[in-house]
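The sequence shown: position 18 = 4 (this note's numbering), numbered continuously. Glycine is no exception: its CB is placed at the ideal position from the N, C-alpha and C atoms. Please read the structure below before turning to the comments.
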Amino acid sequence: MLQGQREPITIDDMIRLVGKEVGLSPWRTVDQVMIDRFADATDDHQFIHVDPERARAETPYGGTIAHGFLLLSLFSPMAYETLAPLQGAGMAINHGFDRIRFSAPVRCGARVRTRFVLAEMNARPSGMVQVGYDVTMEIENSLKPALTARWQMIAVMDRRDEPA
């Protein structure tokens, strides 16, 4: 669905994959530079994210932690590098989330990766394909995931057979 490095997948193949894991991203390190840049972009400078000494002294985390929305924003690049593009799709649109749960903090320096399960897909007569992924972001060496979400995407199919 998103244009990563994998071979394109057909709609028929995608239908057969509903309910199955369709991708596991590479590990990605969440460092203080990433956290600080996100804080600057969103104007969320709460000390638990941007002040390592204070976070070490005043929180149970031993240092700073990533913003939950920073982790959520990593879904896009992780999907891009992991999921096979849908054959014939001209573009994919983020349609939103049905549910999001932040389960465990991601400490600065931790590595995360995402598992994508194709939960649902619906080819519409309009030429769009709605796809739902159950996404789990894992934290390396942690039994608890950082977050889980149902992510809705829409693929807009090329209409090359229409008259110009």
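C-beta contact flag for residue i and residue j at 8 Å
i, j, result
"residue -8", "residue 70", "yes"
"residue 119", "residue 105", "yes"
"residue 18", "residue 46", "no"
"residue 94", "residue 54", "no"
"residue 103", "residue 6", "yes"
"residue 35", "residue 25", "yes"
"residue 135", "residue 85", "yes"
Minimum C-alpha distance to residue i - residue among the options
i, options, result
"residue 3", "143, 93, 72, 126", "72"
"residue 61", "9, 142, 126", "9"
"residue 80", "1, 111, 65", "65"
"residue 100", "111, 109, 74, 137", "137"
"residue 143", "109, 58, 113", "113"
"residue 16", "97, 139, 117", "97"
"residue 14", "123, 33, 32", "123"
Boundaries (first-last residue) of the alpha helix (DSSP H) holding residue i
i, result
"residue 65", "61 to 68"
"residue 44", "38 to 44"
"residue 23", "18 to 28"
Where the beta strand (DSSP E) through residue i begins and ends
i, result
"residue 138", "133 to 143"
"residue 8", "7 to 10"
"residue 120", "114 to 125"
"residue -4", "Premise fails: residue -4 is in no beta strand (DSSP E) and is neither H nor E."
"residue 76", "75 to 88"
"residue 97", "97 to 109"
Supposed close pair residue i, residue j - CB separation, criterion 8 Å
i, j, result
"residue 108", "residue 116", "5 Å"
"residue 92", "residue 129", "Actually they are not in contact, since the Cβ atoms of residue 92 and residue 129 sit about 14 Å apart, beyond 8 Å."
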